[in-house]
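Number of protein chains: 2
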Amino acid sequence: MTPLAPDPASLRGLRLFSGLDAAALAEIVRSAHTRRIEKGTTIFSQGDRATLCHALIDGRVKIVQTGADGQQLVVRYIGAGEMFGTAAVFSGGIYPADALAMVDCVGVHWTAATMGELMERYPRIALNALDIVGRRLQEVQTRLRELSTERVERRVAHALLRLVRQAGRRVGNGVEIDFPLSRQDIAEMTGTTLHTVSRILSGWEGQGIVEGGRQQVTIRQPHALVAIAEDLPKPEKLEVAQKPEK
Amino acid sequence: MTPLAPDPASLRGLRLFSGLDAAALAEIVRSAHTRRIEKGTTIFSQGDRATLCHALIDGRVKIVQTGADGQQLVVRYIGAGEMFGTAAVFSGGIYPADALAMVDCVGVHWTAATMGELMERYPRIALNALDIVGRRLQEVQTRLRELSTERVERRVAHALLRLVRQAGRRVGNGVEIDFPLSRQDIAEMTGTTLHTVSRILSGWEGQGIVEGGRQQVTIRQPHALVAIAEDLPKPEKLEVAQKPEK
DNA sequence: CGTTCCGTTTGCGCGGGCGCAAAGAGACGC
DNA sequence: GCGTCTCTTTGCGCCCGCGCAAACGGAACG
Numbered sequence: 409m410t411p412l413a414p415d416p417a418s419l420r421g422l423r424l425f426s427g428l429d430a431a432a433l434a435e436i437v438r439s440a441h442t443r444r445i446e447k448g449t450t451i452f453s454q455g456d457r458a459t460l461c462h463a464l465i466d467g468r469v470k471i472v473q474t475g476a477d478g479q480q481l482v483v484r485y486i487g488a489g490e491m492f493g494t495a496a497v498f499s500g501g502i503y504p505a506d507a508l509a510m511v512d513c514v515g516v517h518w519t520a521a522t523m524g525e526l527m528e529r530y531p532r533i534a535l536n537a538l539d540i541v542g543r544r545l546q547e548v549q550t551r552l553r554e555l556s557t558e559r560v561e562r563r564v565a566h567a568l569l570r571l572v573r574q575a576g577r578r579v580g581n582g583v584e585i586d587f588p589l590s591r592q593d594i595a596e597m598t599g600t601t602l603h604t605v606s607r608i609l610s611g612w613e614g615q616g617i618v619e620g621g622r623q624q625v626t627i628r629q630p631h632a633l634v635a636i637a638e639d640l641p642k643p644e645k646l647e648v649a650q651k652p653e654k
Numbered sequence: 409m410t411p412l413a414p415d416p417a418s419l420r421g422l423r424l425f426s427g428l429d430a431a432a433l434a435e436i437v438r439s440a441h442t443r444r445i446e447k448g449t450t451i452f453s454q455g456d457r458a459t460l461c462h463a464l465i466d467g468r469v470k471i472v473q474t475g476a477d478g479q480q481l482v483v484r485y486i487g488a489g490e491m492f493g494t495a496a497v498f499s500g501g502i503y504p505a506d507a508l509a510m511v512d513c514v515g516v517h518w519t520a521a522t523m524g525e526l527m528e529r530y531p532r533i534a535l536n537a538l539d540i541v542g543r544r545l546q547e548v549q550t551r552l553r554e555l556s557t558e559r560v561e562r563r564v565a566h567a568l569l570r571l572v573r574q575a576g577r578r579v580g581n582g583v584e585i586d587f588p589l590s591r592q593d594i595a596e597m598t599g600t601t602l603h604t605v606s607r608i609l610s611g612w613e614g615q616g617i618v619e620g621g622r623q624q625v626t627i628r629q630p631h632a633l634v635a636i637a638e639d640l641p642k643p644e645k646l647e648v649a650q651k652p653e654k
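Note that the protein sequences, when read in sequence, are chains A and B. Counting from 1, position 17 in the first sequence corresponds to residue 425 in our numbering; the numbering is continuous, with no gaps. Counting from 1, position 190 in the second sequence corresponds to residue 598 in our numbering; the numbering is continuous, with no gaps.
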């Protein structure tokens with residue numbers, strides 16, 4: 409295995425380069441820099457000049473925004489095949505958040521200048537980037553609406569479902585999030601405190617919906633979580649007589 | 409005046425087309441469709457197929473996202489010279505929100521196919537679009553953090569300051585928001601209720617910071633609002649003796 | 001000029017979830 | 001094996017801000 413040599417196959421998988429011909433891909437591969445990134449590394453920091461476009465070949469990266477008085481927001485988790493820090497390069501030139509390697513990663517990057525040239529030469533890349541950034545915008549807007557209008561419990565359910573979708577791994581008794589995820593992290597994704605998250609997960613664990621661990625969550629009944637997220641009228645598991653609905 | 413004929417001058421002002429030569433601009437103008445939009449008109453609806461890229465020449469448009477059970481979020485207000493609905497065209501093809509004309513407007517639009525061709529031909533347009541969408545992404549992420557970590561009062565202050573920046577008009581006794589803006593609208597921008605917004609504004613009015621009216625807000629002391637937004641230790645106006653700081 | 005309607009203000013009571021505090025429980029190093 | 005450190009759980013009390021309800025007031029319309 410040659411993790412430090414740019415691998416055309418893994419780059420071909422990036423949405424940013426979909427629809428390009430072999431010649432273009434070859435050029436892209438030539439101009440890419442690949443490197444291992446150790447767990448815990450800060451890949452870039454909020455406020456830095458955005459000089460590099462990053463993509464993740466393997467691992468998991470957390471994007472965190474910090475406010476003036478230290479409050480933190482988990483903007484998103486990046487998985488294999490996703491770009492990060494690229495939007496900043498082309499709008500403002502300052503990274504708006506920190507990027508942290510949650511596990512050992514393999515990353516690849518291009519300089520801003522190189523990527524700019526590539527986009528000028530292959531407009532398709534710019535269009536792909538627009539697609540990707542546009543989707544993230546929609547996703548963040550949806551989170552904004554959830555945060556505005558939903559209670560904490562529903563927001564946590566939504567957040568977990570989103571994580572399952574993008575980082576879920578089937579295991580014997582359900583689906584687990586495949587990277588270390590603390591209660592604090594979940595709190596920073598949903599705009600609440602780790603205490604409240606802990607209470608909610610404990611509650612769900614009592615109902616057999618999830619199973620918690622240290623920096624670990626396994627979802628045993630995804631459908632029950634969906635019901636909570638969508639605020640459906642509880643499936644009523646093995647309960648005593650129905651309580652009169654108010 | 410010829411409001412219904414595409415006006416090269418006003419299109420030249422659009423950030424989307426900055427950096428293009430005269431020939432390109434001419435082509436862009438030729439392919440544009442201009443129209444008047446009456447106050448109250450729904451320009452597009454959430455869920456519609458995104459077939460048009462819009463820009464606003466004059467007026468004010470509200471972008472509103474609606475949740476499953478009717479909860480609404482004001483995503484942003486569009487002013488003259490801004491694009492809207494364009495990100496959706498290139499990512500997913502479905503408008504993620506409604507666009508409403510708050511006042512009589514003059515708008516211009518291109519079909520998705522036309523804009524796609526323009527971007528292929530003039531990559532600069534795609535890069536400009538990436539810039540614009542990236543900045544909006546950053547702005548929305550910042551709002552997300554504010555909503556996660558700040559109290560209602562600070563959020564309302566931030567929202568008003570943002571409005572002043574993009575739609576403020578100097579008047580005798582301060583700066584006013586130059587389009588009809590209800591308490592409900594402010595509530596939907598900040599994730600609270602119109603009641604709470606009304607209470608907060610009443611409080612500020614008592615301190616002479618703002619002046620309210622029907623669908624109207626005037627900021628008399630922007631600096632005081634900044635102090636609230638940044639959570640600074642109150643300038644202490646004409647008060648009795650200092651209360652002991654806790 | 002009166003009526004209607006819509007946006008706004010204000011009071012009151014409650015409750016979700018935060019703040020604080022302390023204990024429990026794995027993981028890790030020596 | 002033991003101590004330490006970090007993450008997690010849980011209890012308790014309080015307060016911000018919501019829900020509900022009612023009244024107010026200006027604008028628009030006939």
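Every residue, glycine too, gets a C-beta built ideally from N, C-alpha and C. Small disclaimer: the values here were computed from a predicted structure and weren't measured.
Determine the DSSP secondary structure at residue i, reduced to helix, strand or coil.
i: Arg578/B; result: strand
i: Glu619/A; result: strand
i: Asp506/A; result: strand
i: Val514/A; result: strand
i: Phe587/B; result: coil
i: Ala565/A; result: helix
i: Thr474/A; result: strand
i: Arg573/A; result: helix
i: Lys651/B; result: For Lys651/B, the predicted structure reports a pLDDT of 41, less than 50, and the residue's modelled location is therefore unreliable. A value from the coordinates is still provided. Lys651/B: coil per DSSP, three-state reduction.
i: Gln592/A; result: helix
i: Thr450/B; result: strand
Using beta carbons (cut-off 8 Å, strictly below), is residue i in contact with chain B?
i: Val483/A; result: yes
i: Gly500/A; result: yes
i: Gly493/A; result: no
i: Pro531/A; result: yes
i: Asp506/A; result: no
i: Ala537/A; result: yes
i: Val469/A; result: no
i: Gly475/A; result: yes
i: Leu424/A; result: no
i: Glu653/A; result: Annotation note: pLDDT 38 at Glu653/A (below 50); position unreliable, coordinate value reported separately. It does not; no Cβ of chain B falls within 8 Å.
i: Phe496/A; result: For the record, residue 496/A in the displayed sequence is Ala; it is not Phe. At least one chain B Cβ lies under 8 Å of Ala496/A.
i: Ser418/A; result: no
i: Ala463/A; result: no
Return no unless some Cβ of chain A is closer than 8 Å to the Cβ of residue i.
i: Leu633/B; result: no
i: Arg551/B; result: yes
i: Gly542/B; result: yes
i: Val548/B; result: yes
i: Gln592/B; result: no
i: Gln479/B; result: yes
i: Glu647/B; result: Confidence is the limiting factor: at Glu647/B the pLDDT is only 40, short of 50, which leaves the residue's position unreliable, though a coordinate-based value still follows. Not one chain A Cβ lies under 8 Å of Glu647/B.
i: Leu545/B; result: yes
i: Ala430/B; result: no
i: Ala637/B; result: no
i: Ala534/B; result: yes
Need the endpoints of the alpha helix (DSSP H) that residue i sits in, please.
i: Gln549/A; result: 531-557
i: Arg423/A; result: That residue, Arg423/A, is in no alpha helix (DSSP H); it is neither H nor E in DSSP.
i: Arg438/B; result: 430-438
i: Leu481/A; result: Taken as a continuous stretch (DSSP letters only), Leu481/A belongs to no alpha helix (DSSP H), being part of the beta strand (DSSP E) at 480-486.
i: Thr494/A; result: 494-498
Give me the residue from the options with the minimum Cα distance to residue i.
i: Asn581/B; options: Gly616/B, Gln574/B, Ser606/B, His603/B; result: Gly616/B
i: Ala495/B; options: Arg573/B, Ile451/B, Thr459/B; result: Thr459/B
i: Thr600/A; options: Ala534/A, Arg577/A, Leu555/A, Ser418/A; result: Leu555/A
i: Ile451/B; options: Asp506/B, Thr522/B, Val618/B, Thr626/B; result: Asp506/B
i: Val472/B; options: Gln454/B, Gly421/B, Arg544/B, Ile465/B; result: Gln454/B
i: Ile465/A; options: Ile445/A, Ala476/A, Arg543/A; result: Ile445/A
i: Pro504/A; options: Phe492/A, Val511/A, His631/A; result: Phe492/A
i: Ala488/B; options: Ala565/B, Glu613/B, Asp586/B; result: Asp586/B
i: Val572/B; options: His441/B, Val583/B, Arg562/B; result: Val583/B
i: Thr598/B; options: Ile436/B, Leu422/B, Leu481/B; result: Leu481/B
Could you spell out where the beta strand (DSSP E) holding residue i opens and where it closes?
i: Arg607/A; result: Arg607/A -> not in any beta strand (DSSP E); alpha helix (DSSP H) instead, spanning 602-614.
i: Leu460/A; result: 460-466
i: Thr626/B; result: 624-627
i: Arg457/B; result: Here Arg457/B belongs to no beta strand (DSSP E), and DSSP marks it neither H nor E.
i: Thr442/A; result: 441-445
Using a threshold of 7 Å, is the CB atom of residue i nearer than that to any non-hydrogen atom of the ligand ATP?
i: Ile436/B; result: This structure lacks the ligand ATP, and indeed carries no ligand of any kind.
Positions along the region 511-528 of chain A whose CB lies within less than 8 Å of some CB in chain B: Of all residues in the region 511-528 of chain A, Gly524, Met527, Glu528 have a Cβ within less than 8 Å of some Cβ in chain B.
Interface residues of the region 550-578 of chain B facing chain A [CB-CB below 9 Å]: Thr550, Arg551, Leu552, Arg553, Glu554, Leu555, Ser556, Thr557, Glu558
Under 7 Å (Cβ pairs) to chain B, residues found in the region 585-610 of chain A: Gly599
Residues from the region 432-453 of chain A in contact with chain B, defined by Cβ distance under 7 Å: none
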